[in-house]
Each structure stands twice: as structure tokens, then as C-alpha cells.
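In the working numbering, the protein residues as written are 410 to 647.
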């Protein structure tokens, strides 16, 4: 058997970049694993995770989908308790996968979040597998430049930070957007890559994908935050 890797995957830029780097490094990524969380999650990318199915089809790697289970009992307690509880279905899915493949490790797209990374690392330690986290502690501006240079096409799905208005919903995260985010970082402390939850993204095309994903959507805005709701998504081109 070969060493198999599982990519923790939402379709957002960070998990997609971790996957892309794993493939570039020659890791045998045989599964993508997407957790569909509730609307309030401490561990996972939230908006439009159903798009991961189209992304997986374009990438050409089998997708495993995980429902988070009933977290109502933990949601009313502290963030640490909820974070631990949210990890349980993910760990259970990896245990199940280890019966099918020779599980060597998982990829993750965390940049600065000790909350997420410490829990994923502890899970890997329990399972006796490795963690591949190529974005960890990297300079956000350098990472953004590398993603764009590689040809990632990134759409902003959700914003929740002072300085980010409705015009950012559905916007492409390109060099001009990064330049504006740099100014917002100086003025308001907005993280250049949204690591603090300021915004969430989805990768519609990249060098690891055979077809781009075309999105149609409506926007929702409540005065200080908003998101897009996908009305149609399909693979286009070759």
C-alpha cells in the first residue's frame, strides 16, 4: 500500500493552497474531506461548503463529506469545548478512512490560528499521522502573492469586518483587492487573508483544477456583515 494523504478541504483559498502545495510536493492525496458545519463554527470554514463537491470533481480527487452532528449542547458553553466537540466527527471520519487507505497524514490551511492548529495537531498525534500545514506562520502578503502568481481565482463569499462593505461580496481577490486590504490592515487591523474571520473565500479555478467553476448568487447584507447565497454553480470550460 502507498502512503495516502487526506486534505482537509472547504474549497476556500487556504485549504486549496495547502492541497495544491501537497500535490506539488508529490504527496499522494487520495481523499478530500469536507466538514459541513453549522452557521456558527470555531473550527471550520462555514459558507457554501456544498461547493466542495464541484471543486473535487474539477480537481479529480474523491470527496468525503462529514456532517458535524448535533452541537447544540456545546454551542452554549465556551469556545474551547465547542472546538473540541466540532473536531470529533472529523476524527471519526479519519478513523473510518484508515480502514480503507494507508493513512499517512492530513493537510490543513491554517495560517496563524493556534486554536485550530493545536487541535488538529493533537488529533494527528492521537491517530499517529502527520500534519502538512504549508501556510503555517507564513507571511500573509507573500502567501497572497504566491496564490495569485500560481493562477488561483478566488471569490469572496462572506465579509464580517469594519471596512469591508457590501461591495466586497462576490469580489475577486486579486492584486487590487489585496492592495485595498493592506490599507484596511493599516487602518483597522483587517487580516490580509481574513485569518481572523474577516472574510471567507472560494477558489473557482487554479492550476490543480481541470475546469473552472462558474457561480451565480444573491447577496445578503445586514448593515455590518454579509454573504452571498449560491443560486447556481457549474463547471465550465476544459
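Note that the Cβ used here is the ideal one computed from N, Cα and C, for glycine as well. Since we're looking at a predicted model, the values are computed, not measured.
- Annotation note: the stretch 498-556 contains the following uninterrupted beta strand (DSSP E) runs of length 3 or greater, listed N- to C-terminal: 511-516, 539-541.
- Checking the DSSP bridge columns, you'll see residue 626 partnered with 639.
- Under the DSSP assignment, residue 589 falls in the alpha helix (DSSP H) whose first and last residues are 584-597.
- Rounded to whole angstroms, the separation of the alpha carbons of residue 597 and residue 585 is 18 Å.
- Taking 8 Å as the cut-off, the beta carbon of residue 416 is found closer than this to the beta carbon of residue 516.
- With 16 or more neighbouring CB atoms inside 10 Å of its own CB, residue 464 falls in the buried class.
- With contact defined as three or more Cβ pairs closer than 8 Å, the stretch 460-476 and the stretch 517-531 are not in contact.
- Apart from the 5 residues on each side of it in sequence, residue 594 sits with its Cβ closer than 6 Å to the Cβ of 601 in its chain, given in chain order.
- Less than 8 Å separates the beta-carbon of residue 506 from that of residue 473.
- Residue 423 carries a helical assignment under DSSP once its states are collapsed to helix, strand and coil.
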